[in-house]
Every structure is written in structure tokens, then in C-alpha cells.
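Position in the sequence shown counted from 1, then plus 5, gives you this note's numbering.
See structure below.
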Amino acid sequence: MRFLFKVVLPLSKPLLAVIALMYAISQWNSYFDALLYLRDPGLYPLQLVLRNVLILNQTAPGLDAAAALERQQLADLMKYSLIVISTVPVMLVYPFVARFFNKGILIGAVKG
Numbered sequence: 006m007r008f009l010f011k012v013v014l015p016l017s018k019p020l021l022a023v024i025a026l027m028y029a030i031s032q033w034n035s036y037f038d039a040l041l042y043l044r045d046p047g048l049y050p051l052q053l054v055l056r057n058v059l060i061l062n063q064t065a066p067g068l069d070a071a072a073a074l075e076r077q078q079l080a081d082l083m084k085y086s087l088i089v090i091s092t093v094p095v096m097l098v099y100p101f102v103a104r105f106f107n108k109g110i111l112i113g114a115v116k117g
């Protein structure tokens, strides 16, 4: 046990950090389970709301050109805002885990 805690775990920190980050990103981006099982729109995760806004965005027929253009610009602004909001948590976590990426690359590159 002492060997495990003194040697193996400290050398495995970069690997464990990378695995944890990849797992967290895959869970963060998973919307398909919610798409299959959730029926209440109030329970949808952020990725499913983002998907609905991006895919189901339709303009209403019968508007004049100026109103349609203004509505389309507002819809585009909403799309881009949602994309930025959905990436912020991953961007906040990455700098804390990036040092493990660098350390893991350096450890793997040392020969002999």
C-alpha cells in the first residue's frame, strides 16, 4: 500500500486527470439520453436547450422584410450567446487540468 501511495499514484496523476477531464466533457456534452427520456422541457439540460434553439429556429411567415431581418438577427444573437455560455464551464476547468497534460507529456517523452 505504501508503494501505491508513494510511487504509483503520484506518477499516475496526469493520466487520472486526463481521464477525468475527458469523462467530464463527455458527460457535459451528452444530450442524447435526455433527448430520449425527458419529456418535460423544464428538465432539459443546457445542451438540449442549445440543440433545440439551433435546430428548431424557424422564422414566422408573413412578416415584412425589416421585421424578418430584425428577428433573424435576434435569433442569431441568441444562438451565439448560448454557444458561448455552454463552453464557459469547460474553459474554466481546463486551465487547472492543463498542467497535468504538460506533465504527462514530459514524463512520456523522457527516455532512458
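Note that CB positions come from ideal geometry on N, CA and C, so glycine has one too.
Residues in its own chain within less than 6 angstroms of Pro46 by CB, not counting five upstream and five downstream? Counting from 1 along the sequence shown, the entry for residue 46 is found at position 41. For Pro46, where only same-chain residues beyond five positions count, there are no Cβ hits under 6 angstroms.
Measuring only the C-alpha atoms, how far is Val12 from Val95? Locating residue 12 in the sequence shown gives position 7, counting from the first residue. Locating residue 95 in the sequence shown gives position 90, counting from the first residue. Near 30 angstroms, if we compare the C-alpha coordinates of Val95 and Val12.
Along the alpha helix (DSSP H) that carries Val195, what are the first and last residues, could you check? Shown here, the chain extends from 6 to 117; a query on residue 195 therefore has no answer.
For Pro100, is the classification buried or exposed, using 16 other Cβ atoms within 10 angstroms of its Cβ as the cut-off for buried? Reading the sequence shown from its first residue, position 95 is the one you call residue 100. Around the beta-carbon of Pro100, fewer than 16 other beta-carbon atoms lie within 10 Å, marking it exposed.
Backbone secondary structure at Pro46 - three-state DSSP: For the purposes of this step, residue 46 is taken as the residue at position 41 of the sequence shown. It is helical.
At least three beta-carbon pairs within less than 8 angstroms, the region 50 to 62 to the region 20 to 39: Pairwise C-beta distances place the region 50 to 62 in contact with the region 20 to 39, as three or more of them are shorter than 8 angstroms.
Going by other Cβ atoms of all chains shown within 10 Å of its Cβ, with 16 needed for buried, is Pro15 buried or exposed? Along the sequence shown, read from residue 1 onward, the residue named residue 15 stands at position 10. Pro15 comes out exposed.
Residues near Lys18 in its chain [Cβ-Cβ closer than 7 angstroms; skip 5 each side]: Position 13 of the sequence shown, counted from the start, is the residue given in the question as residue 18. Around Lys18: Phe105.
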